[in-house]
Every structure is written in structure tokens, then in C-alpha cells.
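In case it helps, our numbering puts the sequence shown at residues 295 to 554.
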Amino acid sequence: MIEWCAAVPAAGPWTSWFPAGRPGPGALAEHVRTTGHGHWWVDDPAAPRAAAVTCARHAVLAGDPRTTDPAGLGGLAHHYVLAPDRFLPLLGAAFERIVPWERMIWIHREPGRAARPAPGIRIRRLNGLDAPAVRGLGDDLAWITESWGGPAGVAAPGRAWGAFRGPRLLSLACVYFTGSRYEDLAAATRPGERGHGLAAACVTALCADVTARGRAPSWTCSRDNHPSRRLAAAAGFRPEQGYVHYAVGAAAVRGPVPVR
């Protein structure tokens with residue numbers, strides 16, 4: 295596949311391949327289209343028959359897999375890939391391993407349970423001056439900034455709430471993928487600060503912002519990630535549907551370097 299620009303034309307087969315208004319990973323294509331964070335991959339820019347959208351090490355495939363050489367998927371190595379079953383033979387040929395991962399989509403249905411952080415903890419919206427505090431979460435939690443290109447993107451107004459002790463950011467909830475109907479949220483807390491309701495307080499506050507924008511918050515997590523499921527339930531999310539994506543390894547076939 296050839297890497298294309300993020301600003302794809304409004305018309306084309308992708309309007310049916312990646313329909314708008316879907317929750318969870320379904321919002322990824324809208325996020326890339328509207329924010330410019332991420333990439334489009336196509337088999338043929340002039341007449342696409344298969345495409346992938348990638349952002350923050352997540353990928354969604356659509357179209358006809360018969361038109362794609364396994365070597366053309368090398369740019370998706372070490373991604374989490376969501377694809378129809380018809381793509382599985384192609385994925386199996388393209389990567390050294392593919393591991394199915396059962397996931398859940400939750401939708402915000404009711405107010406979250408009130409969380410009362412300890413004295414000295416302040417829950418507030420982030421702003422552009424908070425990028426250093428987000429960066430201070432460290433490499434282990436840096437994944438939460440990837441869908442916005444880094445700490446500065448997450449700290450932009452309207453995208454995140456944080457729990458602070460003085461200037462130190464302890465927990466963060468942010469919009470991870472934003473769509474026209476749903477905004478998919480994520481949260482991360484420093485290991486030593488977990489279990490004190492900080493993430494729940496941040497997520498609950500962010501849900502109010504998303505709702506005020508006329509959209510619905512969604513939440514995705516692994517089926518066996520019980521801490522994430524408890525957090526979602528505490529914040530007022532309810533399970534909507536399950537899905538499977540695939541953690542893929544290194545490319546099994548060496549192909550040409552993707553065009554950038």
C-alpha cells in the first residue's frame with residue numbers, strides 16, 4: 295500500500311468503507327480526516343480498491359483484500375488492526391504473527407458516581423500550558439498522547455481533564471478519537487496514584503464536556519481488562535458491543551519502502 299495524505303477528498307469509496315457516526319474504533323477514520331493526526335494507505339491512489347487508516351498504532355482496513363500484496367502492508371507492522379474476516383488470510387501472509395484480542399465498546403448512558411479525590415488534589419481542564427505536565431507522566435503512559443501527536447496536542451483546550459497535586463499531573467482523561475457523533479475517551483494514572491478515584495473524576499468531568507458539545511462519549515477496552523471495565527461502569531458507561539482486533543507483529547514479507 296502507498297501512504298496517502300490525511301486530507302482525503304470528501305467523495306470516494308471510503309465514505310462507505312469508513313462510515314461516519316460510529317463509536318469506539320469506528321471513530322478513527324473521522325479523527326484522522328478532521329484532525330490530520332494519522333495516515334491513509336491505499337493500494338492505488340488513482341482508483342483505490344482497498345485502504346487502511348492508521349493512528350496511534352491502530353489501523354482499520356476496508357475494501358477488497360484481493361487487490362493488495364502482503365508486502366504492501368509492511369507499514370502496519372506492530373499495529374492493532376481492525377478488519378473484516380475477509381482480510382485474515384492477507385494479514386496471515388503479511389505478518390509473522392497475528393493475535394486476536396477481544397475488545398468491548400461502551401457508551402455513556404447515565405451520570406457517573408461522584409468521585410471525591412483526597413484533599414490537595416485538584417481536578418481541572420487542561421490547557422496549552424499543561425503540555426510539560428503531560429510529558430511528565432513518563433514514557434510508560436505516553437501512549438495516551440499518540441492520537442494527538444504528543445503532549446501539546448492532548449493539552450489543547452477541550453480535549454482533556456487532569457488530577458493535579460500542585461503542578462504534578464497524577465491522572466489524565468482525554469478524548470482519544472473524535473468523531474461526528476461519538477468521542478472515544480481514554481484515561482491513564484500514575485501507578486502509585488491508582489485506586490483513589492482520580493481517573494473516574496477526570497472521566498466524569500470530560501463526559502460532561504463531550505455531552506455539552508452534542509456528542510456521546512464512548513469507551514473501549516479489552517474484555518479482560520477489569521480495572522478499565524470498573525472505571526467505565528463508575529463513570530456511567532454501559533457495554534454496547536464486542537469486537538475483535540488483531541495485534542500484528544513484524545512484517546513477514548519484505549516489500550518496497552512505502553511512499554511518503
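We treat Cβ as the ideally placed atom computed from N, Cα and C, and that holds for glycine.
Quick one: Cα of residue i to Cα of residue j, how far?
i: Ala412; j: Tyr470; result: 27 Å
i: Ser522; j: Cys515; result: 7 Å
i: His490; j: Asp478; result: 23 Å
i: Gly456; j: Ala446; result: 14 Å
i: Asn421; j: Ala528; result: 26 Å
i: Ile438; j: Thr483; result: 10 Å
i: Ala346; j: Glu487; result: 37 Å
i: Ala481; j: Leu385; result: 30 Å
i: Val326; j: Pro485; result: 30 Å
i: Ala506; j: Phe389; result: 43 Å
i: Ala526; j: Ile401; result: 9 Å
Looking at the secondary structure, which residues open and close the beta strand (DSSP E) in which residue i lies?
i: Ala356; result: 352-357
i: Glu396; result: 392-402
i: Thr483; result: 476-483
i: Thr348; result: 344-349
i: Leu376; result: 374-376
Beta carbon of residue i, beta carbon of residue j: below 8 Å?
i: Pro359; j: Ala344; result: yes
i: Val504; j: Leu466; result: no
i: Gly318; j: Ile392; result: no
i: Arg397; j: His373; result: no
i: Val459; j: Ile415; result: Note on residue identity: the sequence assigns Arg, not Val, to residue 459. Contact: yes.
i: Ala323; j: Tyr476; result: no
i: Ile417; j: Ala493; result: no
Taking buried to mean at least 16 other C-beta atoms within 10 Å of its own C-beta, is residue i buried or exposed?
i: His520; result: exposed
i: Asp561; result: Summary: the structure shown does not reach residue 561, with the chain confined to residues 295 through 554, and so no result is reported for it.
i: Leu367; result: buried
i: Asp424; result: buried
i: Pro313; result: exposed
i: Arg524; result: exposed
i: Thr348; result: buried
i: Gly406; result: buried
i: Arg543; result: Per the sequence shown, the amino acid found at residue 543 is Gly instead of Arg. When all chains shown are included, Gly543 counts as exposed.
Alpha carbons only, please: which of the options is nearest the one belonging to residue i?
i: Cys501; options: Glu390, Arg403, Trp395, Arg316; result: Arg403
i: His331; options: Gly452, Thr472, Thr362; result: Thr472
i: Val354; options: Val538, Leu479, Ala545; result: Val538
i: Cys468; options: Ala388, Arg484, Arg453; result: Arg453
i: Tyr540; options: Ala365, Ala321, Thr362, Leu370; result: Leu370
i: Ala499; options: Cys349, Leu431, Ala409; result: Ala409
i: Gly357; options: Pro378, Thr348, His325, Arg532; result: Pro378
i: Arg517; options: Gln535, Glu390, Ser474, Pro511; result: Gln535
i: Val383; options: Ile401, Thr362, Trp395; result: This sequence places Pro at residue 383; Val is not what is there. Out of Ile401, Thr362, Trp395, Thr362 has the C-alpha closest to the C-alpha of Pro383.
i: Pro426; options: Leu464, Ile417, Val375; result: Leu464
i: Ala545; options: Trp395, Pro364, Gly530; result: Pro364
i: Arg509; options: Asp434, Ala526, Ser474; result: Ser474
i: Pro342; options: Arg316, Thr309, Thr328; result: Thr309
i: Ala449; options: Arg419, Ala436, Trp513; result: Arg419
Specify, as a first and last residue, the run of the alpha helix (DSSP H) that residue i falls within.
i: Ala502; result: 492-506
i: Leu385; result: 382-388
i: Arg459; result: That residue, Arg459, is in no alpha helix (DSSP H); its beta strand (DSSP E) goes 454-459.
i: Ala541; result: Looking at the DSSP string, Ala541 is not in any alpha helix (DSSP H); the run it does join, the beta strand (DSSP E), is 531-542.
i: Thr329; result: 322-329
With 8 Å set as the bound, which would you pick, yes or no: does the beta-carbon of residue i sit closer than that to a beta-carbon of chain C?
i: Leu479; result: The chain labelled as chain C is not found in the depicted structure, where only one protein chain is given.
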